[in-house]
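Everything below concerns the one structure shown next.
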Amino acid sequence: QNKWNNCIDLIETRYFHSMVSVGDYIYILGGFSKSQSSNPSSVERYDASNSVISVVGELAYSSGKMSATAAGDVIYMFGGSEDRYDYLDNDLLYKPTTYHSYNTKTNTACILGCSPSITMGSQALTVDNNVYIFSPNGNILLLSDEKTVTIVHVLKSFDHRHFRVVQHHGYFFLLQLAAPKFNDEVLVLSWNPQTKEEYVLLWDKLPRTLLDSHWMKVTIS
6 QNKWNNCIDL IETRYFHSMV SVGDYIYILG GFSKSQSSNP SSVERYDASN
56 SVISVVGELA YSSGKMSATA AGDVIYMFGG SEDRYDYLDN DLLYKPTTYH
106 SYNTKTNTAC ILGCSPSITM GSQALTVDNN VYIFSPNGNI LLLSDEKTVT
156 IVHVLKSFDH RHFRVVQHHG YFFLLQLAAP KFNDEVLVLS WNPQTKEEYV
206 LLWDKLPRTL LDSHWMKVTI S
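Per the numbering used here, residue 6 is the first one in the sequence shown, and the count goes up by one each step.
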């Protein structure tokens, strides 16, 4: 316990990729290549029980820095960029909004459309088979049964480029990462998807070592 173990290497080395758990497998999707000029389009599947990784399909839209979540057997991916040097700066009007899917049963992929708000750098979560997408500009989007994306709420107290979202007891909790100045105040916000109410839970100064990574993984247990 409390130690790291090395797993088998990816077949294609990549970074800024997404990983999603579906059933007994972990799927590795998108990202940027360290050795190739083109972005990885292959979908790799990791079987943790047998420590085996294999290529099972191809993406319809290869990009990095996208968010991904699964609903049933289908993985949905939002935003991302084909350009590894495309950063989340103040100019959010021209960022990619493409969203697409990958079916883990049929190993097929398709582009579904474009969302009405920026989804590069977004956070996607599935709760009760509903797919929510939290945009860096404060928009909260919902994927409908018809596979269209609509804005269901605009956060009034949140405007941050790098953040993480977790769901707990029916609420979403948003935590911003890597504030421009590490001695600045750090915001923790909650949002109720039923009532659409948002609350500021914490507005305080936190030590730099806690929040100094744009790509920190945050989970709750």
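Beta carbons are placed, not taken as given, at the ideal position from N, Cα and C, and that holds for glycine.
For residue j and residue i, the rounded distance between their alpha carbons
i	j	result
Tyr-51	Tyr-204	39 angstroms
Met-24	Lys-222	12 angstroms
Lys-152	Leu-117	7 angstroms
Thr-111	Glu-49	14 angstroms
Thr-113	His-105	11 angstroms
Lys-186	Leu-194	Note that Lys-186 scores a pLDDT of 49, beneath 50, so its modelled location is shaky; the value from the coordinates is reported in the next line. In a straight line, the C-alpha of Lys-186 is about 19 angstroms away from that of Leu-194.
Asn-188	Glu-202	Its pLDDT being 48, under 50, Asn-188 is placed unreliably by the model, and nothing is read from it.
Phe-21	Gly-77	24 angstroms
Ile-225	His-173	8 angstroms
Ser-38	Asn-197	38 angstroms
Lys-8	Lys-70	28 angstroms
Rounded Cβ spacing between residue i and residue j (contact assumed at less than 8 angstroms)
i	j	result
Val-154	Ile-138	7 angstroms
Val-136	Thr-74	6 angstroms
Tyr-107	Gly-62	7 angstroms
Asp-29	Ser-54	7 angstroms
Contact check, residue i vs residue j, beta carbons under 8 angstroms
i	j	result
Gly-84	Met-125	yes
Ser-47	Glu-17	yes
His-167	Leu-182	yes
Phe-178	Val-171	yes
Ile-33	Leu-15	yes
Ser-140	Ile-123	yes
DSSP beta-bridge partners of residue i
i	result
Asn-135	Val-132
Trp-196	Phe-177 and Glu-203
Met-24	Ile-33
Three or more C-beta pairs below 8 angstroms linking the stretch 46-66 and the stretch 123-138: With fewer than three CB-CB distances shorter than 8 angstroms, the stretch 46-66 does not count as touching the stretch 123-138.
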